[in-house]
Structure formats: structure tokens, C-alpha cells
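A quick write-up on the structure given underneath.
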Ligand code: NAP
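Numbering (the working numbering), first residue to last: 13 to 295.
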């Protein structure tokens, strides 16, 4: 049995079309959603992400502004810019591309963004809202995973879900979102004992580890839904996931490829959060 492929590119294109329609409707009411993206320094990966975010904004009819600041920008200069953007009525979302240079406190910067403009959902107020289930913004990657499950009619209610990874941006919020959807959730990490025994119990397995092709077929229950969040480069420099795709696809019921799975969804969910931030100003 070969797994069905969960197509993040197609799902993403469909969602962006729906976002564009909603943006047009808001524009007709005199509100243009606006996103400010701040990048500090010359990290090439960050540069690619920021360019993709700008492109997605254009595709969704969202106004975007980019602030490309030099590496030597001081913390106070960055905080001043964030405070200015907090006050702007035409900017609904503020995204500071991480990582920041070492001399700037990421925590301080994130906490300075107004929670209602924190479209990455990294501010503690938004993180807390995810715990209680009463949230407006969800971190983009876990939200993208949930949107994919939804698109493919995969109901997680009552199912065993195992998340490998406990980072604040992926693993933890992913576990919480699955829990809100009534899955029975286990979170694994680098200190987990007997990992394969646990992952083999999963009906839904989410890999967010950051280790090339770490999840092998012997770690997966036949018929499981396997979601690969990982983005790693293999020896040939090609983008690959945390899951050994070829062998796991033989036994899973559904699987996300890398590239073309979770990746395209992340930016789409950022567009969704920016739209939501603009809608909130109109409510
Ligand atoms: P991270 O902060 O480095 O967290 C990795 C997690 O994996 C940690 O909780 C770590 O456990 C766990 N881990 C590491 N080795 C392990 C092992 N041998 N067994 C079990 N667990 C292990 O990474 P992240 O930011 O969550 O990202 C994870 C991956 O997703 C990366 O490849 C990243 O590039 C990718 N990513 C993709 C997107 C996207 O848009 N598709 C977005 C964000 C991230 P400890 O906590 O014990 O250290």
C-alpha cells in the first residue's frame, strides 16, 4: 500500500485564493491588510523567507513593507521601529524575522510587538491564548499542519497523536492544537526513552526534529498519517524532511512530502493571520 500524498502546494494555492477573496471584501470596506516584515543582518536563509513572504502578500492582495536593517542595528533602534509600527493604522501585522543578531534580545523584541499585531503568535499573551483555546493567531507551521489535516478530511478526534519535537514554535503549539481537536497527544524529545515504541503507537505522527530522514519505517505504524515538518539539506544539498520518505510512504496512509508539504502552508497561514488581524480592527 502506498500512502496518499498530502499536497501542501495545492492546498496552499487554494487557501491563498480564498484569502485574496476575503482581502478584496475588506478592501471594499476601506481596509487594506498590511504586514511589516523586519529583517536584521544578512542571514541568507532569512533573506529567502522574507522574499517568499513578500511574494505571498502580493498574491493575497496584502500590502507589505520590508525593513532590511544592518547587522549592527542596536536593540533600542529595533524596538523604536517596532513601537512606531505598533502605532500605524495601516500596518496590521508585524513580523520580525528570527534569528536576530546575538546582541539583540529576541524575547524583548517579541514582547514589544502588540499582541494584536503579533501575526507569528510568539508573544506570551498569544502563547497563553493557545493554551486556553481562546486564540486569534496560531503559530504558522502548526496551523499549516492542522489546515492540511482538515483539507484531507483527516479527523484526529480520539486518535493517538505523537509529536516529535517540543520547540516553542512547532512542537508545543502543535501538541496543543491536536489536543484542542480531541486527539490523545504524546510529545517526544531528545530525552525520550524508547522513542520508536511510542511513535509506533501513533495514528498521527508529526516529526519536527530537524534531523535528516530520522523517522524510519520501523518507527511508524502501518496506516498512520505522517506529517513531516523538518527542513534539512542532504549531502547533495537537496531539501529533505525528518522522515525517510520513500520507505515510510510504503506503509503510511497519508504523508507530506518535503518539499511541497508543510513548507508552503507556513507562509499561507501567516497571510491568514494578517487577514485576521485586519478583520479584528473592523469588528
Ligand atoms: P528545534 O527548536 O531545534 O527543536 C527540535 C526538537 O527536536 C527539540 O524539541 C529536540 O528535543 C527534538 N529532538 C532533537 N533530536 C531528537 C532525537 N534524537 N529524538 C527525539 N527528539 C529530538 O527545531 P524547530 O524549530 O522545532 O524545527 C524543527 C524542524 O522543523 C527543523 O528541521 C526546522 O527547519 C523545521 N521547520 C520547518 C518549518 C516549515 O515551514 N516547514 C517551520 C519551522 C521549522 P529537545 O527539546 O530535547 O532538545
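We treat Cβ as the ideally placed atom computed from N, Cα and C, and that holds for glycine.
| query | result |
| --- | --- |
| Should the region 259 to 268 be regarded as contacting the region 228 to 235, the criterion being three or more beta carbon pairs within less than 8 Å? | yes |
| Looking at the structure shown, is residue 59 part of a helix, part of a strand, or coil, going by DSSP? | helix |
| At a cut-off of 7 Å, would you count residue 281 as near ligand 1, judging by its Cβ distance to the nearest heavy atom? | no |
| For the beta strand (DSSP E) that residue 217 lies in, which residues bound it at each end? | 216 to 219 |
| On the CB-based measure, 16 or more other CB atoms within 10 Å of its CB, does residue 24 come out buried or exposed? | buried |
| Along the chain, where does the beta strand (DSSP E) that runs through residue 228 open and close? | Note, residue 228: premise wrong, no beta strand (DSSP E); not H, not E. |
| Among the candidates 160, 163, 130, whose CA atom is the shortest distance from the CA of residue 147? | 130 |
| Residue 149 to residue 247, Cα distance in whole Å? | 37 Å |
| Does DSSP put residue 105 in a helix, a strand or coil? | strand |
| For residue 46 and residue 252, what's the separation of their Cα atoms in angstroms? | 33 Å |
| Going by Cα to Cα distance, which pick from 188, 202, 240 is closest to residue 196? | 188 |
| Could you have a look at residue 244 and say whether DSSP puts it in helix, strand or coil? | strand |
| Taking one C-beta from the region 81 to 94 and one from the region 25 to 39 each time, how about it: are there three or more such pairs within less than 8 Å? | no |
| Give a yes or no on contact between the region 268 to 278 and the region 148 to 162, applying the rule of three or more CB pairs nearer than 8 Å. | yes |
| Quick one: which unbroken alpha helix (DSSP H) runs of 4-plus residues sit fully inside the region 125 to 156? Chain order, please. | 136 to 144 |
| Is it the case that the Cβ atoms of residue 193 and residue 169 are separated by a distance below 8 Å? | yes |
| Where does residue 42 fall in DSSP's three states? | coil |
| Taking 8 Å as the threshold (C-beta atoms), are residue 264 and residue 238 in contact? | yes |
| Let me make sure I understand the geometry here. Which of 268, 37, 140, 290 has the alpha-carbon closest to that of residue 164? | 268 |
| With DSSP as the reference, please indicate the residues paired to residue 47 in a beta bridge. | 76, 105 |
| Name the one or two DSSP bridge partners that residue 94 has. | According to DSSP, residue 94 bridges with nothing at all. |
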